[in-house]
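Chains as they are written, first to last, in our numbering: chain A, 124 to 725; chain B, 615 to 901; chain C, 38 to 539.
Below is one structure, written out as structure tokens; the observations come after it.
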Amino acid sequence: MNTLDATHDHHELTFVKKYVFSTDHKMIGIQFLFTTLVMLLLGGALALGVRWQLAWPWQNMPIFGGHFASEGGQISPEFYTMLFTMHATVMIFLVVIPILAGAFGNFLIPLMIGADDMAFPTLNMLSYWFMWPAIFFFGLSFYFGGAAAGWTSYPLLSSMAEAAPGSGTSQTMWLLAVTCVGVSSMMGSVNYMTTIINMRAPGMTLFRMPLTIWSMFITAILQAFALPVLTAAGFLMLFDRAAFGGALEGIHTSFFVPSGIIINNAEPTVGGGQPLLWQHLFWFYSHPAVYIMLLPAMGMVSDMLAAMCRKPIFGYKPMAYSMAAIAGLGFIVWGHHMFTSGMNPALGMTFMTSTVMIALPSAIKTFNWIGTIWGGKIRFNTVTLNCIAFVSQFIVGGLSGIFMAAVPVDIYIHDTYFIVAHFHYVLFGSTLFGIFGAIPFWFPKMFGRMMNERLGRIHFFLTFVGFNGTFFPMHMLGVAGMPRRYADPYIHPYLEHLMPMNQFMTVCAIIMGLAQLIFIYNFISSIFRGPKSGRNPWNANGLEWSAPSPPPHGNFETVPIVYRGPYEYSSPLVEGRDFLMQTEYLPPPPDPDPDAGPEDDT
Amino acid sequence: MSRIFWCLFFTAWPIVAIVVCAITPAMDWGFPGNREAATPLGQRIDDLFYLILGIVTVAFIGTMAALSYVLIKASKNKDEKAWFSHGSHNLEVIWTIVPAGVLLFIALYQLDVWAIYRVRDYENRDADPRPLHLVAEVTARQFEWRIRYPAPGTRFTSYEQVKDWLAKPHAGDVYAVNRLLVPLNRETLIYLKSGDVQHSFFVPDLRVKQDAMPGQSIDIWFTVNRAGTFDLTCAELCGWGHYKMRGEVEALEVKELESRLRELKQLQDYDGFTPPGTAAASGEVTR
Amino acid sequence: MISRRLILPLLALLPLGFGCADYRAEFVNDERVAQLDTSSPVAADNVRNSLLEHFGTPNDLVAWGALPIDYGEITGTVLSAPDAHTLRVSLDTDPTEQFSQVAVVLGDATPAHRTAAHYDATTHTLTLDPLHSTAPTAPTAPTAPGTPIRLIGHKLQAGRKAFMRHCMHCHGVTGDGNGPTARYISNHRLNPQPRDFRRGLFKFTSTKDGYYANREDLRRTVRQGLAGTYMPSFLLMKSKELDAIIEYVRFLAMRGEIERRLLAHLKDLLPDDDGTPPGDLKTLEKELAVDGFAEALADATALVAENWTNAEDPQNGVLPTMARLPDTPQSRLKGRNLFISTKINCAKCHGEGGRGNGGFLDDFQKNPETQQSYDTPGLRDAWHNIIRPRNLTSGIYRGGRRPLDVFRRVSVGIKATPMAGFATNVLEEDRWHIVNYVLSIPVDGAFFDEYGQQYHGRVRLFETHKHKHDDHDHDHDGHDHNKPEPSTTTTPSESQDKKSQP
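So, in structure tokens, the structure goes:
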């Protein structure tokens with residue numbers, strides 16, 4: 124339970140060592156934050172391309188149309204497949220996962236548990252720098268046209284270069300990039316688990332950890348167990364490919380390739396493999412991945428809501444146990460992505476049961492959040508608004524998931540826009556709004572300044588309205604039977620009447636996209652010109668708020684001692700204020716036993 | 615002032631959502647054609663959908679109302695401190711047991727539909743002696759549906775025969791593309807194959823969907839109980855032409871189906887020769 | 038000094054600045070026009086301008102009366118002319134589709150052209166567009182009540198719109214088979230490549246040798262698709278849309294052909310391979326590009342128009358004069374024997390077993406334009422793409438699987454490919470025997486034993502082929518492959534030569 128001895132020298136570090144190849148978890152966290160925010164803009168731009176095509180199919184598309192100037196700005200169908208593939212890929216692998224685990228996990232974990240840095244600082248730095256080969260490979264993928272087999276990358280479309288334009292070198296680059304992201308995540312997860320288990324400050328028992336730490340811990344376990352499967356699947360596909368990166372002759376395995384398939388009038392495949400295998404391996408990782416993309420946000424929102432409502436979190440242990448249950452159940456539900464895939468139908472029953480049960484801990488958490496607000500003293504600022512939006516939209520996302528869990532209904536809505544609505548409500552409506560709340564909340568700790576409140580609210584309002592305008596109608600589109608990944612749905616008679624709705628959604632999406640510029644401006648200008656904050660601008664309880672803003676190398680002036688849990692807001696033990704920090708020593712009440720030690724509520 | 619605004623904001627948006635859902639049928643945003651499914655299983659799927667919709671709506675209204683309520687109360691709270699509560703064991707128990715019960719109910723209730731849809735027949739088919747209404751083999755390929763019907767009048771009496779027919783082309787087979795003819799009010803069996811990558815046979819009006827896996831031949835069965843023409847689309851990304859795979863499933867009375875198939879066969883056997891003195895026959899598919 | 042408050046709004050406007058360029062699709066000229074530019078800009082300009090004048094651009098098409106294209110014409114009479122840009126008209130047929138920017142021809146005796154911007158069906162008002170009138174306008178366009186009026190071009194426009202939506206991404210804006218999908222960045226290109234319309238050549242036709250494809254052929258191709266290729270079936274497309282696309286395809290084909298013929302006329306003006314212009318440039322230029330150009334254009338146009346018109350004549354279609362012979366085992370055996378006979382020798386390309394792996398594939402063909410051998414062995418089509426003979430065991434027939442279709446292939450071959458027609462030297466009844474045999478291969482197999490029994494399916498996986506023009510070093514086993522053998526255990530030397538192919 125001891126913090127590491129300060130093994131590093133306290134001499135002045137060079138610019139490169141301090142800002143570029145830093146091993147300080149705070150700097151690494153901020154590096155992740157900057158990188159992922161840039162990637163967020165890229166992913167958003169790709170999504171706007173998708174939306175444009177759905178609203179005004181085959182019209183001159185802004186920005187991307189320049190690539191097709193000789194066709195009048197009209198994109199081609201394979202370009203569209205690349206747009207949605209890379210949108211999802213960038214958002215999942217380069218934005219949401221790194222921002223939650225890499226940016227916030229890195230920054231907050233040592234601060235919240237009272238450590239001076241991560242257990243393995245150099246490994247931590249490497250986990251950030253492994254993102255850059257990933258970005259480089261994704262860039263190369265774009266250079267060769269961009270992977271275009273969906274972020275799910277199902278073979279044979281993805282594994283045979285003849286099958287789709289993006290399945291040649293682009294797909295190989297994509298696989299290498301995903302491998303790099305996986306390595307980065309695995310490095311991070313090892314670090315987090317070790318740090319959380321071994322480096323908590325004295326008095327910080329497991330059940331005195333903030334829920335953010337619980338969520339990061341559970342997420343790290345998910346990453347550690349699920350990622351190797353994806354990496355392995357990626358290698359299997361690389362070996363299957365005819366040309367390994369275009370330069371070397373292929374290894375020519377057939378893990379996913381059955382015999383005798385002729386694509387693009389090429390030679391028939393030699394085969395013996397099974398495309399379904401990829402789906403199992405891929406979803407074995409990707410389902411826990413969606414919880415990797417959700418749990419940290421859940422943990423952070425819990426902390427923020429408690430602070431903003433000046434109340435303890437309602438049901439701390441049930442919250443922690445629910446997160447563990449979500450993670451545990453998350454490992455046994457992957458088949459619900461495959462109900463129509465041709466796997467043994469009996470598996471449909473087992474996966475359906477476990478999937479339906481995952482709704483339970485999610486529901487428990489939702490009720491507990493509402494319970495946290497209940498009887499509180501709420502202040503409506505940017506942080507609070509985004510957290511309430513998290514809860515509100517998580518309700519929608521969670522409830523829409525129940526439709527899909529019911530297998531017969533899923534037969535109908537699988538691969539329609541209903542699914543798109545569901546996962547955007549949980550990934551964007553919940554997680555990203557949680558991030559939009561977490562950034563202003565911990566910004567003072569990161570940079571010593573506050574973000575602009577007014578801009579934050581305007582950004583929230585526009586994003587919320589734009590988001591719901593874009594994604595709520597997708598539930599209707601799904602029930603109407605509009606399939607996903609269609610460049611021009613309107614050639615189908617039963618979908619023709621849906622164009623006005625799609626146009627409305629695109630306009631909302633554009634408004635939402637432009638609103639993000641407000642956020643970026645707020646973020647950047649506040650770094651330089653925001654009003655200075657003190658150590659604890661929110662009067663919050665966590666250990667991080669007892670450190671200076673921003674914390675120096677080593678985080679705390681002295682080793683913190685933890686006396687209580689993180690949610691003792693409005694505690695009757697103190698007069699005149701409504702928060703009681705974890706590190707604050709209170710003299711014991713007059714007690715017959717003079718030998719009693721500090722408060723101990725394990 | 616702004617507190618009232620935000621409380622109203624978070625109360626108003628669920629109301630808007632519910633209103634939008636309520637007007638969905640009237641605006642023709644819901645199920646295709648705003649009609650029930652054209653198969654009995656599809657109708658059961660619709661029933662299940664509405665059941666879940668009902669439960670989910672209750673949960674939605676309940677939680678959103680609770681959220682609004684606590685927001686309003688919390689925003690008006692003038693006390694020096696908030697309610698110092700770490701939770702309520704009783705509440706936790708209640709809101710664990712009740713949702714668990716509801717979810718378990720949903721899970722068990724729909725097992726039957728799934729069993730009928732896929733599992734029961736899958737397990738029984740080799741032992742099942744009933745005549746099999748194999749209608750067609752549909753091969754999904756980039757980017758069309760290639761259909762092969764057995765010779766008109768063929769009756770299959772065992773799965774062995776079916777497997778034999780599926781294994782290779784037979785004399786008398788009728789070939790078509792993109793338009794699938796199926797019998798009305800009779801159980802239809804389709805074998806789905808893929809010519810190249812993964813596709814998915816999706817007929818929204820029938821609530822039928824099955825992925826076509828390369829290397830596999832997957833059976834789909836359904837009974838259409840409403841005459842008409844239904845859109846067929848592909849529901850698994852298969853390349854740049856994924857959206858182009860526009861097909862049609864036409865449900866006809868059995869007799870009419872047979873005569874249409876015979877007509878197709880005739881067109882397929884057209885040799886271009888017109889005996890002198892007769893009008894030239896058209897060799898084209900006109901319907 | 039920009040006020041800080043302006044930064045945010047300026048940021049918001051940034052995306053607008055990025056993306057609002059107005060791109061217009063343009064026809065692409067043949068690459069030789071650019072080459073011509075280096076030696077004789079006058080000639081190149083003439084080519085470009087005449088194409089522009091007679092065909093226009095995709096957004097501003099020209100309906101040229103000299104070509105046999107159905108542009109879509111609506112006739113009517115002028116009722117009144119409320120002002121200079123508006124006409125009240127009574128049209129003979131109600132246009133069921135929106136159109137705009139169609140050519141308006143007023144009057145009979147001295148027809149004057151305008152462009153119609155909009156037609157309002159409720160008020161029967163035609164709005165003339167004063168700004169985009171590219172055609173010459175008579176000083177006083179006759180607009181007296183009773184003047185006959187013709188609106189020309191709505192079908193071509195509809196065709197262009199539908200073509201850009203459904204076809205352009207493969208076939209290209211100019212119909213050159215070079216759309217974005219055809220040339221996607223990848224290790225592989227579409228196989229076969231989408232058709233380049235600009236030669237006026239289409240492979241699967243119903244017309245005799247030397248004649249073009251007619252509308253029915255094109256319609257069939259679009260409706261049925263070409264099985265086994267990336268040309269999908271558009272069976273469910275509405276007839277009207279389909280017909281409009283066909284007209285537009287013909288339009289693109291004729292444009293390409295006229296360009297090609299003009300370039301052929303000007304070929305002496307082209308620089309040679311290392312860029313040096315021809316010797317007597319000035320004289321040639323005057324003769325070909327200035328004086329003789331108009332005539333060359335007129336000749337090219339007349340020829341193209343005649344070719345396309347002749348294709349529609351039923352007399353030029355290929356139809357059998359006898360019914361298909363009964364599909365009996367004896368007929369098939371006869372067909373088989375003809376298949377492997379030295380006279381017809383289908384096996385030379387299609388292989389002994391009909392698998393498309395005949396020995397001819399190892400030979401180097403000659404490029405008919407340059408008379409040089411191609412670099413790699415194999416058969417080529419008129420666009421110099423490598424093509425393979427059809428694998429007849431697969432049951433996939435690109436041109437159609439009806440007996441009539443196969444009969445046509447055997448009789449006149451496939452235009453623009455080495456698949457020759459045998460109508461001139463093979464009796465019709467023999468051709469029907471071949472048809473019966475070919476159609477039976479996927480079902481019953483390609484081989485007959487000495488008892489006339491057919492083998493089913495794959496007797497041999499590996500085949501050695503007999504090289505009649507044998508220059509290569511191959512290990513051959515000296516078998517006589519004209520006589521099929523019941524079973525073969527392949528020796529290692531045989532399996533080396535496997536060319537197992539679909």
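Glycine included, each C-beta is placed from N, C-alpha and C at the ideal position.
Using DSSP with H/G/I as helix, E/B as strand and the rest coil, what is Trp255(A)? helix
Is Phe679(A) helix, strand or coil when you go by DSSP? coil
Where the beta strand (DSSP E) containing Ser814(B) begins and where it ends: 813-817
How is Pro606(A) classed by DSSP in three states: helix, strand or coil? strand
In angstroms with no decimal places, state the Cα-to-Cα distance between Leu780(B) and Gly436(C). 24 Å
Pick from Val479(A), Thr593(A), Gly273(A), Pro441(A): whose alpha carbon is nearest that of Val722(B)? Residue 722(B) is actually Leu in this sequence, not Val. Cα-wise, what sits closest to Leu722(B) is Val479(A).
State the Cα-Cα distance for the pair Leu340(C) and Asn66(C), rounded to the nearest angstrom. 21 Å
Just confirm the distance between the C-beta atoms of Ile236(A) and Ile336(A), as a whole number of angstroms; I'd bet it's less than 8 Å. 6 Å
The region 482-501 of chain A: which residues have C-beta closer than 8 Å to a C-beta of chain B, in chain order? Ala482, Leu483, Ala486, Ile487, Thr489, Phe490, Asn491, Ile493, Gly494, Ile496, Trp497, Gly498, Gly499, Lys500, Ile501
Chain-ordered chain B contacts of Tyr439(A) [CB-CB under 9 Å]: His700, Gly701
With DSSP collapsed to three states, give me the class of Thr342(A). helix
Can you look up Pro689(A) in the DSSP assignment and give me helix, strand or coil? coil
What is the rounded straight-line gap between the Cα of Thr528(C) and the Cα of Met605(A)? Reliability of the predicted coordinates at Thr528(C) is poor, the pLDDT of 35 falling under 50, and no value is obtained from them.
Sort out for me which residues DSSP pairs Ser425(A) with in a bridge. DSSP, once it has assigned bridges, lists no residue as partnering Ser425(A).
Just to make sure I have the definition right: I need the residues of chain C whose C-beta is within less than 7 Å of the C-beta of Lys611(B). Which are they? Because chain B is modelled from 615 through 901, residue 611(B) falls outside the range shown and cannot be assessed.
Just to check my reading of the structure: Phe253(A) and Val306(A) have Cβ atoms closer than 8 Å, yes? What is that Cβ distance to the nearest angstrom? 5 Å
Among the candidates Ile385(A), Met150(A), Ile319(A), whose CA atom is the shortest distance from the CA of Ser808(B)? Ile385(A)
Under 9 Å between C-beta atoms of Leu298(A) and Met360(A): yes
Checking 9 Å against the spacing of the C-beta atoms, do Thr162(C) and Leu124(C) come in under that value? yes
Spatial neighbours of Cys631(A) within its chain, please: C-beta separation below 6 Å, excluding the five flanking residues on both sides. Gly589, Gly592, Thr593
So Gln261(C) contacts chain B; which residues on that side make the cut at Cβ distance below 7 Å? Val791
Cys848(B) - DSSP class collapsed to helix/strand/coil: strand
Does the beta-carbon of Gln812(B) have 16 or more other beta-carbons within 10 angstroms, so that it is buried, or is it exposed? buried
4 or more residues per run - each alpha helix (DSSP H) lying fully within the region 185-246 of chain A: 200-212, 229-236
Expressed to the nearest angstrom, what Euclidean distance is found between the alpha-carbon atoms of Arg495(C) and Leu429(C)? With a pLDDT of 43 at Arg495(C), under the threshold of 50, the predicted position of this residue should be treated as unreliable, though the coordinate-derived value follows. In a straight line, the C-alpha of Arg495(C) is about 12 Å away from that of Leu429(C).
Closer than 7 Å by beta-carbon distance: list the chain C residues that pair up with Trp854(B), in chain order. Thr218
Quick one: give me the first and last residue of the alpha helix (DSSP H) that Tyr414(A) is part of. 398-415
Which residues share a DSSP beta bridge with Trp759(B)? Ala754(B)
Taking Thr68(C) as the reference, give the member of His387(C), Pro308(C), His206(C) with the closest Cα. A small correction: the amino acid at residue 68(C) is Glu; Thr does not occupy that position in the sequence shown. Taking only the C-alpha atoms, the option nearest Glu68(C) is Pro308(C).
Taking Cβ positions, are Gly190(C) and Val139(C) nearer each other than 9 Å? yes
is_contact[Glu706(B), chain A] using C-beta, thresh 9 Å: yes
If you measure from the beta carbon of Thr667(A) to each beta carbon in chain B, is any gap under 9 Å? The residue you asked about is not Thr; residue 667(A) is Glu in the sequence shown. No - not a single Cβ of chain B is within 9 Å of the one on Glu667(A).
Given 8 Å as the limit, is there contact between the region 605-623 of chain A and the region 553-560 of chain A, that is, 3 or more CB pairs closer than that? no
Using a beta-carbon distance below 9 Å, is Gly647(B) in contact with chain A? yes
Under 9 Å by beta carbon: chain C residues contacting Asn625(A): Chain C residues near Asn625(A): none, gap ~16 Å exceeds 9 Å.
Cutoff 9 Å: Val532(A) Cβ touching any chain B Cβ: yes
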